[in-house]
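Chains as they are written, first to last, in the numbering used here: chain H, 3 to 659; chain C, 97 to 408; chain B, 101 to 314.
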């Protein structure tokens with residue numbers, strides 16, 4: 003456990019140093035972060051390999067609180083992506099923050115490091131009070147990060163939306179943990195093991211509380227509204243961390259609580275399935291309609307959280323129907339997708355940050371042809387795009403594959419209703435995959451391919467920006483090419499912690515291993531084919547005459563780069579098709595006459611949940627608040643009267659009880 | 097281990113040899129059928145072979161706008177097609193690559209191929225190719241759920257998740273008890289097949305207007321060996337998805353690789369003639385109608401799933 | 101009759117439902133309804149072969165009324181209005197078809213709850229009947245023109261016929277025939293209604309009838 007504590011210490015130290023120093027001190031903080039992460043990763047790796055947890059107790063002057071940290075396999079699965087991504091993000095930050103003024107740098111580094119420490123403690127805390135405290139620190143620190151650039155109106159708006167939703171979530175968690183602690187008579191997670199004996203009814207209420215409380219952080223639809231606001235507002239390496247790992251702490255909490263609650267009834271799984279489908283499909287649909295690259299990526303986080311929820315739902319359904327194998331595949335897929343999403347989403351946000359750093363624009367309609375100027379950024383972004391679209395031979399495919407297998411097994415063995423639900427999940431996953439691929443061909447094609455659409459200057463990214471991206475891309479490929487080793491190494495011990503009592507000779511585990519070994523073989527053959535055919539093609543081409551020319555322009559003699567297909571036109575069919583959900587607001591000025599001068603078209607899809615759920619809800623609350631405003635009389639005597647009446651009421655309640 | 101390798105490697109190469117030899121004839125048969133129906137003589141059925149050989153011998157012209165993505169597109173789509181075809185059983189035995197869940201990989205490998213074809217199209221910076229990519233993206237993502245639901249129906253009937261079990265002799269028994277569900281799946285698969293292979297009524301491979309095409313316009317800028325790879329890959333895709341369809345409609349009972357392969361080949365020729373007749377007698381759908389058509393296929397496949405689920 | 105063919109008929113009924121949801125031309129919808137009527141007339145045949153003359157009559161009556169007379173009336177009514185003969189559902193076609201699919205799933209789920217499934221096809225029949233009724237209702241709600249409501253009503257009627265065959269099997273023959281003729285009457289009235297609405301307002305957009313309310 004000591005290396006892990008040193009890791010936390012190093013991160014904190016890096017943050018404090020960063021707060022004091024200016025831009026010159028940035029590399030020092032980053033190296034402290036990297037060193038700390040390596041130590042932490044070693045500990046986590048040992049836990050994942052052996053399955054034996056390590057713990058740390060310390061007294062604490064807090065009622066019911068104890069400074070109890072423990073690193074069990076489930077914590078380790080979440081700790082690995084946190085440490086990997088955060089260390090790389092810290093390195094990225096060195097190059098990314100360089101051009102900002104010193105005061106902002108200090109704040110950014112300090113809060114970022116604090117955020118990382120709080121996330122590490124959240125996934126290892128074993129005491130409810132401690133958990134809630136660091137959970138709150140995590141929310142506040144990330145709020146400060148969102149507000150770094152608080153001179154801009156939209157950033158302030160994003161900050162308030164984030165703060166409000168974070169606290170609504172925490173309120174549910176407060177109730178949940180208070181209730182669970184009251185029932186167990188203790189606030190230590192280890193002492194909550196016997197809570198699984200509680201009746202289904204109470205357990206279900208707890209499940210709902212956890213679902214809302216943790217779901218707000220994770221970004222389940224419709225609690226996702228803060229994501230597309232907050233992610234674009236922070237510096238890109240922080241968005242990478244927020245989107246890649248911070249929202250996963252919500253998933254961690256949900257799994258932790260569900261694992262405590264004993265055998266799940268079927269409707270829990272169904273609920274998560276529905277949430278997953280809705281988040282997945284609506285997330286990717288709204289991503290398609292965005293023009294701001296970071297906002298688009300934020301909506302993709304909603305989509306991927308949906309996929310994780312689908313995996314968890316499949317796992318729960320498998321557990322409640324006694325289909326161990328399906329449950330195993332579902333949970334393994336969900337856990338692996340947590341790691342995978344951290345890798346490729348971190349990579350994509352960093353890529354978006356590099357583009358913004360080089361061109362000063364996040365609007366994809368203004369960009370184009372960047373692959374030639376920024377080869378490393380472009381190539382790694384392509385790998386990230388293919389990975390997030392779930393394409394073989396990359397890591398996104400492996401986790402989606404496991405979730406597919408889970409639902410196929412449920413549909414093969416389950417009763418009619420479960421089978422139908424599983425069929426919906428399978429069709430939904432296929433649709434999500436197709437839509438995600440469409441969305442990322444759009445982003446990658448419009449930003450990096452073709453010709454520049456406007457005269458934005460751009461330059462290759464510095465070394466400190468490209469190295470983390472290259473490492474993340476490499477890990478995406480590694481997990482994709484060696485799925486068997488990745489799944490066995492990363493998830494098997496954690497699966498035991500969820501309550502799937504696995505033994506090494508377990509049938510489900512054997513089938514998981516054998517399927518993944520064969521999948522590995524297939525992917526190996528695909529890779530071999532790719533290399534072989536590339537070589538053959540290179541050999542043939544080298545013996546042929548090659549000429550350079552212009553793109554086929556259909557006989558038109560004066561094409562300009564403005565005539566290229568735009569992102570808006572690329573997704574027009576999708577927007578027409580899913581008009582019902584997207585409800586775009588369009589502003590168009592049609593060309594008029596034989597020699598039209600000026601024409602324009604703009605479309606914007608505001609968030610469905612914000613517009614249809616939260617705005618009406620908060621308006622209603624405001625109306626209500628205005629109605630009871632008459633209590634606020636402004637006279638001191640009246641307020642004294644209120645106090646008197648309240649006191650009298652409390653006393654009489656005590657007297658008559 | 098060595099015994100396994102000595103069995104596996106020949107099977108692998110036998111499969112590839114068979115597919116590479118047979119697949120180009122299928123588009124040739126489609127073209128010939130269309131010519132017959134129209135009262136023309138048409139090109140000989142072996143024309144696609146000649147085209148591919150010719151294209152491999154030619155030089156290539158690249159746009160100055162393009163990058164390595166443009167050159168990678170054809171390689172990836174050809175490799176993906178060659179990998180996918182290894183999961184199709186030929187004859188009465190298992191496919192060279194088979195495991196529980198290979199049907200998911202089978203469906204997704206085409207996704208990889210499509211993704212890189214679309215990015216290669218966008219790499220040219222041409223509005224036409226952008227249009228083609230956009231349409232391909234829409235229609236394929238609507239066809240994908242239908243494909244998966246169809247596979248789910250078959251998987252539920254066969255009680256397995258591997259293509260080799262799905263398309264095995266067991267289908268004969270399933271036809272005798274669950275014919276309606278299989279009919280629904282077959283219909284849905286025909287739609288998926290036509291969509292994925294860019295055939296009428298979804299797409300018209302022979303139109304000469306860039307504005308109306310989908311797949312052909314995406315590969316407009318490719319030339320020489322790259323175009324040959326693309327043509328070959330689309331022939332292999334026709335073979336792979338066609339084999340799926342043929343094996344469902346006519347379950348191959350037994351026999352070794354070559355006997356079964358001959359039966360499969362005849363079935364594929366029949367399918368090609370059917371495609372030729374469809375292309376000669378139907379018009380291409382309006383673009384706005386295609387999602388409706390695909391949604392219909394999705395619903396048919398979904399109904400198939402429900403029927404098999406309710407039968408239990 | 102073989103069991104496979106019996107379920108095939110029911111499957112075809114569902115497919116015609118989806119076809120009507122998917123098509124935008126009313127004439128084609130009417131033809132699909134004729135096809136559906138013919139399919140329904142096959143359903144009582146197993147009983148008829150088992151020696152029940154009443155079932156024979158029911159089959160013949162269904163064929164006459166649902167397969168021939170009503171579609172003919174409907175097509176004539178559609179032809180008589182020169183309006184653009186294309187359906188404009190409030191939801192798009194794709195959404196309607198997908199909603200139809202959700203209805204189908206729900207019908208299978210609820211159909212299992214109808215009591216006493218005794219014969220091998222009872223589950224399927226109950227589900228198909230329910231799905232047809234609900235699809236008919238959905239079409240009535242979802243279409244603008246009066247013709248759309250008529251088509252929805254006829255589909256709903258067909259669903260009721262399937263469900264009654266499923267539940268009763270012994271529902272007196274007289275009642276079945278009476279229902280048939282009721283429906284015929286309804287179709288004739290609808291035909292006249294469409295024509296006179298068209299003559300009076302020069303359109304049959306039902307959603308624009310809101311003007312009539314006081």
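Backbone N, C-alpha and C fix where the C-beta goes; we use that ideal spot for every residue, glycine too. None of the values given here were measured: they were computed from a predicted structure.
DSSP lists H:603 as the bridge partner or partners of residue 590 of chain H. Contact check for residue 551 of chain H and residue 221 of chain C: beta-carbon distance about 13 Å, past the 8 Å limit, so the pair fails to qualify. In the three-state reduction of the DSSP assignment, residue 291 of chain H falls in the coil class. Between residue 222 of chain H and residue 138 of chain C, the alpha-carbon positions lie close to 58 Å from each other. Scanning its chain for C-beta atoms nearer than 6 Å, with the 5 sequence neighbours on each side dropped, one finds around residue 278 of chain H the residues 308, 311, 312, 315, in chain order. Distance check between residue 317 of chain H and each of H:302, H:334, H:303 places H:334 closest, using alpha-carbon atoms only. In the DSSP annotation of this structure, the continuous segment of the beta strand (DSSP E) that includes residue 56 of chain H starts and ends at 56-60. A buried status is given to residue 231 of chain H, since no fewer than 16 other beta-carbon atoms sit within 10 Å of its beta-carbon. Listed along the chain, the chain H residues whose CB falls inside 7 Å of the CB of residue 205 of chain B are 422.
Listed along the chain, the chain H residues whose CB falls inside 8 Å of the CB of residue 195 of chain B are 582. Here residue 576 of chain H has 290 as same chain residues with Cβ atoms under 6 Å from its own Cβ, once five neighbours each way along the sequence are excluded.
Buried is the label assigned to residue 31 of chain H, since at least 16 other Cβ atoms lie within 10 Å of its Cβ.
In the three-state scheme derived from DSSP, where H, G and I count as helix and E and B as strand, residue 186 of chain B is classed as strand. Taking a 10 Å sphere around the C-beta of residue 556 of chain H, we find fewer than 16 other C-beta atoms and assign the residue as exposed. Distance between residue 639 of chain H and residue 646 of chain H, taken at the CA atoms: about 10 Å.
Within the segment 272-288 of chain C, no residue places its CB atom closer than 8 Å to a CB of chain H. For a Cβ distance threshold of 9 Å, residue set 395 of chain C lies close to residue 200 of chain B, ordered along the chain. As summarised for the segment 247-300 of chain H, the continuous alpha helix (DSSP H) elements at least 4 residues long and confined to that stretch are 250-262, 268-290, given in chain order. Rounded to whole angstroms, residue 387 of chain C and residue 145 of chain H show a C-alpha spacing of 43 Å. Interface criterion met: the Cβ of residue 435 of chain H is under 8 Å from a Cβ in chain C. Counting along the chain, no beta strand (DSSP E) covers residue 581 of chain H; the unbroken alpha helix (DSSP H) around it starts and ends at 581-584. In this structure, the beta-carbon distance from residue 189 of chain B to residue 243 of chain B falls below 8 Å. Residue contact check for residue 326 of chain H against chain C: no CB pair falls below 8 Å. Here residue 184 of chain H is exposed: its Cβ has fewer than 16 other Cβ atoms, across all protein chains shown, within 10 Å. Residue contact with chain H for residue 196 of chain C: present (Cβ-Cβ distance below 8 Å to some residue of chain H). Taking C-beta atoms as the reference points, residue 202 of chain C and residue 172 of chain C fail to come closer than 8 Å.
Interface residue (Cβ-Cβ distance to chain H less than 8 Å): residue 212 of chain B is classified as such. Membership of residue 239 of chain H in the alpha helix (DSSP H) is indicated by the continuous run 238-243. Neighbours of residue 208 of chain B across chain H, judged by C-beta separation under 8 Å: 418, 422. Membership of residue 427 of chain H in the alpha helix (DSSP H) is indicated by the continuous run 418-450. Cβ proximity to chain B below 7 Å picks out nothing from the segment 174-193 of chain C. DSSP, read as helix, strand or coil, puts residue 457 of chain H in coil. Contact annotation: residue 274 of chain H and residue 208 of chain H have beta-carbon atoms that are not nearer than 8 Å. The beta-bridge partner set that DSSP reports for residue 158 of chain C consists of H:550. The three-state reading of DSSP puts residue 263 of chain C in coil, since its state is none of H, G, I, E or B.
Against chain H, the CB of residue 252 of chain C has a partner CB under 8 Å away; the residue lies at that interface.
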